[in-house]
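I have placed the structure first, in the form of structure tokens, so that the comments after it can refer back to it.
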Amino acid sequence: MKNIFILIFLLISTNSISLIFAQEKPRIVITGERMTGKESENEQIRGFAGDVVITHLNVRITCDSAVHFIDRNEAELIGSVVITQDTLTIKTERGFYFGNLRKAYASTPVELDDKKVFLKAETGEYLFDETRAKFFKNVRLYDNSGTMTSNELIYFRNTQVAYAWGGVRLWDSTSSLDADSLVHNRVTKVTNAFRNVKIVDSTNVVLADSLIYDQTNMTTDAYSNVQIKNFEDNTLILGEYVKDLRGEKHTIVEGNPFIMQIDTSSSSVDTLLLRAVKFESFTHKR
Numbered sequence: 012m013k014n015i016f017i018l019i020f021l022l023i024s025t026n027s028i029s030l031i032f033a034q035e036k037p038r039i040v041i042t043g044e045r046m047t048g049k050e051s052e053n054e055q056i057r058g059f060a061g062d063v064v065i066t067h068l069n070v071r072i073t074c075d076s077a078v079h080f081i082d083r084n085e086a087e088l089i090g091s092v093v094i095t096q097d098t099l100t101i102k103t104e105r106g107f108y109f110g111n112l113r114k115a116y117a118s119t120p121v122e123l124d125d126k127k128v129f130l131k132a133e134t135g136e137y138l139f140d141e142t143r144a145k146f147f148k149n150v151r152l153y154d155n156s157g158t159m160t161s162n163e164l165i166y167f168r169n170t171q172v173a174y175a176w177g178g179v180r181l182w183d184s185t186s187s188l189d190a191d192s193l194v195h196n197r198v199t200k201v202t203n204a205f206r207n208v209k210i211v212d213s214t215n216v217v218l219a220d221s222l223i224y225d226q227t228n229m230t231t232d233a234y235s236n237v238q239i240k241n242f243e244d245n246t247l248i249l250g251e252y253v254k255d256l257r258g259e260k261h262t263i264v265e266g267n268p269f270i271m272q273i274d275t276s277s278s279s280v281d282t283l284l285l286r287a288v289k290f291e292s293f294t295h296k297r
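The opening position of the sequence shown corresponds to residue 12 in the working numbering, with each subsequent residue numbered one higher.
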């Protein structure tokens with residue numbers, strides 16, 4: 012009976028130790044030309060300088076110097092900081108790496124390049140497990156289709172979806188979109204914009220409280236307080252909902268629609284005013 016008790020105790024102890032080691036977070040490893048260290052009652056700290064290299068799982072960091080907070084599994088990064096993971100590269104002058112959170116933070120202007128988009132801002136952070144970048148102040152996102160600027164932006168690399176707030180502008184060679192906030196999908200090129208929305212292209216200005224803009228199919232679904240000014244036809248369209256199919260020259264207006272068109276093709280000026288329950292227009296392609 013005593014031997015059975017001892018065996019059970021050993022099994023429980025072994026499983027407990029295995030669980031503790033399984034739950035322990037992978038540690039940061041730092042090397043450099045020079046190292047200093049100090050230890051207090053609260054934590055162990057080491058300083059590294061000269062060709063500093065930090066590795067943690069599949070993340071590699073190089074910088075001029077670093078401070079390693081051993082117990083917290085964190086490092087302060089100082090000077091010419093370059094963080095890489097596969098095709099991702101992050102550059103800044105100062106920042107932190109949090110090993111337990113798998114997070115990098117830049118306290119100075121930062122650039123992110125993943126071969127698909129290029130991001131830059133005054134400060135920012137990146138969560139490696141979530142493939143999520145969160146950038147602040149004077150944010151710019153560039154890709155091969157256009158540019159986005161905002162005060163704050165969250166970008167998920169895996170889904171290629173961006174969430175932007177504050178003075179947002181998205182533009183390319185043919186059009187621009189302004190809004191207080193928006194959600195932009197780089198794959199589908201569909202944008203959901205909210206509050207004080209404005210789209211400008213070569214022939215139209217669209218104003219609305221919110222809209223869905225399909226850049227590929229050239230369609231716009233605009234909602235609430237909608238105005239469309241068409242420069243080609245000299246037309247103003249007002250309504251609560253407008254579906255504009257620019258590629259097909261087809262527009263649907265609902266919600267007390269009002270249409271005004273000014274014809275200046277002849278010597279006199281003719282003005283057309285229309286009100287209806289629903290309005291649908293087709294324009295001949297030129």
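C-beta: ideal position from N, C-alpha, C; glycine also.
Could you tell me whether any Cβ in chain B is nearer than 7 Å to the Cβ of residue i?
i, result
"R197", "This model lacks chain B altogether; it includes just one protein chain."
Identify which residue in the options has its Cα closest to the Cα of residue i.
i, options, result
"V194", "V78, N215, S161 and S213", "S161"
"G90", "R105, D154, L99 and T246", "R105"
"A190", "V211, N267 and I94", "V211"
"K131", "N241, E87, G110 and I101", "I101"
"A117", "F129, R143, V128 and E87", "E87"
"V201", "S76, R151, R71 and S156", "S156"
"F205", "D183, V179, V216 and S187", "V179"
Taking the DSSP output, what are the residues bridged to residue i?
i, result
"D281", "D274"
"D225", "V201 and T230"
"R57", "G48 and H79"
"E136", "Y116 and K145"
"I263", "K254 and E291"
"R180", "T160 and D189"
"D212", "S186"
Helix or strand or just coil, what does DSSP make of residue i?
i, result
"G157", "coil"
"E251", "strand"
"R71", "strand"
"K240", "strand"
"E106", "The amino acid occupying residue 106 in the given sequence is Gly; Glu does not appear at that position. Strand at G106."
"R168", "coil"
Assign residue i to buried or exposed, taking buried as 16 or more other Cβ atoms, counted over all protein chains shown, within 10 Å of its Cβ.
i, result
"D255", "buried"
"V110", "The displayed chain sequence assigns Gly, not Val, to residue 110. Buried, because 16 or more other Cβ atoms sit within 10 Å of the Cβ of G110."
"S213", "exposed"
"V288", "exposed"
"L68", "exposed"
"T231", "buried"
"P37", "exposed"
If residue i and residue j are in contact, beta carbons under 8 Å, what's the gap, nearest whole angstrom?
i, j, result
"L152", "L138", "That pair is no contact at about 17 Å."
"S235", "D225", "Wrong, their Cβ atoms sit about 19 Å apart, outside the cutoff."
"I273", "T282", "5 Å"
"F293", "V264", "At roughly 13 Å, the Cβ-Cβ gap does not stay under 8 Å, so F293 and V264 are not in contact."
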